[in-house]
Amino acid sequence: MRASRHGLHVLAAAVVQRRRTKDSSPGFRAHKEVVVFSKISLDQWRAFVCTVECGGFQQAGEHMYKSQSAISHSVNRMEMLLGQELFIIEGRKAVLTSLGKALLPQAKHLLGAAQKLEHLANQYQPGLFTEQALAVDVLFPIELLQQALQEFALEYKDHRIRLYETALSGARELLEDGKVELGIASSLPSGYLQEFLLNVSLICVVGASHPLSEAQGELSLDDMKNHRQVVIRDSGTRNSQNSGWLGTSQRWTVSSLAAAESFVERGMGFAWLPEHRVQQGLAQGRLVRVNLQHQREREVPMYMGYPEEYRHSPEVRLLAQILRERCREYRPG
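The opening residue of the sequence shown carries number 1 in full-length UniProt numbering; numbering runs sequentially from there.
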């Protein structure tokens, strides 16, 4: 496993401030370390995160049903406890300082973890001790995930499983917000334990009734511009991403891999889809692979990651181990 050196774990840490104090002897000055333990509440962390996501103190106040001065006071109190500024004001906008940028991902994780803890407490029943939440990119082979979860359930049969199917930045966002313990995607947050699992091959396909299915010879990407493309929407809400070739203006965006497959099979457009998902359709003649000169196939790496604090969690370690072993043995088709 590898962990980013840039991870910052200071949410509830002591803030050490160095002050000058005078000794009773004239002219003597010494440095004394005074440890001030931060007492930053969840509500203050929430005000900090909301100010960033909403774009300012006033907007954060409206979102949290509080006055602008209450939000500003919460942030000022945090800055006093931390001994550094979290925001600087540029015009009418509050802009994050370098400390604010470093704290933001961990603050989101803290708030998400607190929300999850409350959820677990509310759902608690005797004999049902915990829940495993994971975010998995839709490109990841579903049969691998099913095998891993079945094997995990043999050891933890009373655990609840909460699965988020994500696309592009969705898994990253859920990990950052502390809503899941483990994520699988092509891009994960820095500061998390990560390891490579496998590559997913994407190939360009159309339905058997689509005009491109009968095209002669190799096609260029320019040839594709006159046809409709089907793409999957980013399930993340903060920093939406695009991936792959998006050269046509005729584009239909869907929210699931199943919808993309169905649209393509009906001849409604072309798409780059996981090879392991379209093999049966190709074999049965319902789908046709487009003969491209370039980008005939794209490899998308899948990584597994989780917060460093879960390194010693037996549940997370077991699930990670099972996924690692199943991916090592995996052979598409």
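Even glycine gets a Cβ: it sits at the ideal position worked out from N, Cα and C. Values in this document were obtained by computation on a predicted structure and should not be read as measured data.
Span separating the alpha-carbon of residue i from that of residue j
i           : j    : result
residue 334 : M304 : The requested residue 334 does not occur in the structure, where the chain is confined to residues 1 to 333.
S25         : L86  : Its pLDDT being 37, under 50, S25 is placed unreliably in this model, and the coordinates cannot settle the point.
L81         : C54  : 23 Å
K108        : A70  : 20 Å
Q279        : V264 : 14 Å
R233        : L318 : 32 Å
S201        : P301 : 9 Å
L96         : R77  : 16 Å
E143        : L323 : 11 Å
Q59         : T248 : 37 Å
G61         : S74  : 11 Å
K225        : M268 : 14 Å
I161        : E151 : 13 Å
A47         : E165 : 29 Å
Q68         : H276 : 52 Å
R92         : T51  : 13 Å
L219        : N291 : 6 Å
Y65         : W45  : 16 Å
L282        : I40  : 57 Å
R266        : S209 : 7 Å
Q321        : L117 : 25 Å
G56         : K101 : 15 Å
H159        : D223 : 51 Å
L246        : A153 : 41 Å
V231        : S190 : 27 Å
Q284        : T130 : 44 Å
E181        : H312 : 12 Å
S255        : S262 : 12 Å
K157        : E79  : 46 Å
T253        : A167 : 12 Å
H63         : Q194 : 34 Å
Counted within 10 angstroms of its Cβ, other Cβ atoms place residue i as buried (16 or more) or exposed
i    : result
K179 : buried
P105 : buried
F196 : exposed
I89  : exposed
S186 : buried
E155 : exposed
S169 : buried
S72  : buried
G217 : exposed
E214 : exposed
G27  : Summary for G27: the model assigns pLDDT 36, below 50, so the residue's position carries little reliability, and this model does not support an answer.
CA nearest to the CA of residue i, picked from the options
i    : options                : result
G112 : H63, D234, E173        : E173
L139 : A320, H294, E299, R324 : E299
V49  : L134, A94, V200        : A94
Q132 : R331, V316, R328       : V316
S98  : I161, Q84, P314        : Q84
P274 : A260, C327, E165       : A260
R238 : D158, Y306, D177       : D177
H203 : K225, H276, E297, P332 : First, the amino acid is wrong: residue 203 is Ile here, not His. Taking only the C-alpha atoms, the option nearest I203 is E297.
P211 : W45, C327, R289        : R289
R251 : H312, H227, L145       : H227
E309 : R328, R266, L110, A153 : L110
E329 : Q284, P141, A167       : P141
Rounded distance between the beta-carbons of residue j and residue i, thought under 8 Å
i    : j    : result
A258 : Q229 : Between Q229 and A258 the Cβ distance is about 17 Å, and since that is not below 8 Å, they are no contact.
L198 : A171 : Not confirmed; about 15 Å, so no contact.
R286 : G236 : 31 Å between Cβ atoms; not a contact.
L103 : G183 : Not a contact, Cβ separation roughly 21 Å.
Y192 : P307 : 6 Å
H294 : L175 : The pair is not a contact, with the Cβ atoms about 34 Å apart (cut-off 8 Å).
A114 : L42  : 6 Å
V136 : L149 : Actually they are not in contact, since the Cβ atoms of V136 and L149 sit about 10 Å apart, beyond 8 Å.
R326 : Q147 : 5 Å
Q.
Threshold first: 4 residues or longer. Then list the alpha helix (DSSP H) segments lying entirely within the region 239-299, N to C.
A. List check, alpha helix (DSSP H) in window: 257-265, 275-283.
Q. At which residue ranges does the region 44-79 contain complete beta strand (DSSP E) runs of 3 or more residues, listed in the order of the chain?
A. Counting only runs of 3 or more, we get nothing.
**Q.** Complete alpha helix (DSSP H) runs within the region 91-123 (minimum length 4 residues, chain order)
**A.** Within the region 91-123, the complete alpha helix (DSSP H) runs of at least 4 residues are 98-123.
Q. Where are the beta strand (DSSP E) runs, 3 residues long or more, that stay fully inside the region 145-193, in chain order?
A. Entirely contained in the region 145-193, the beta strand (DSSP E) runs reaching 3 residues are, in chain order, 160-166, 182-185.
(Q) If we require 3 or more residues per run, which beta strand (DSSP E) segments fall completely within the region 203-239? (A) Taking only runs of at least 3 residues, the beta strand (DSSP E) segments lying wholly in the region 203-239 are 229-232.
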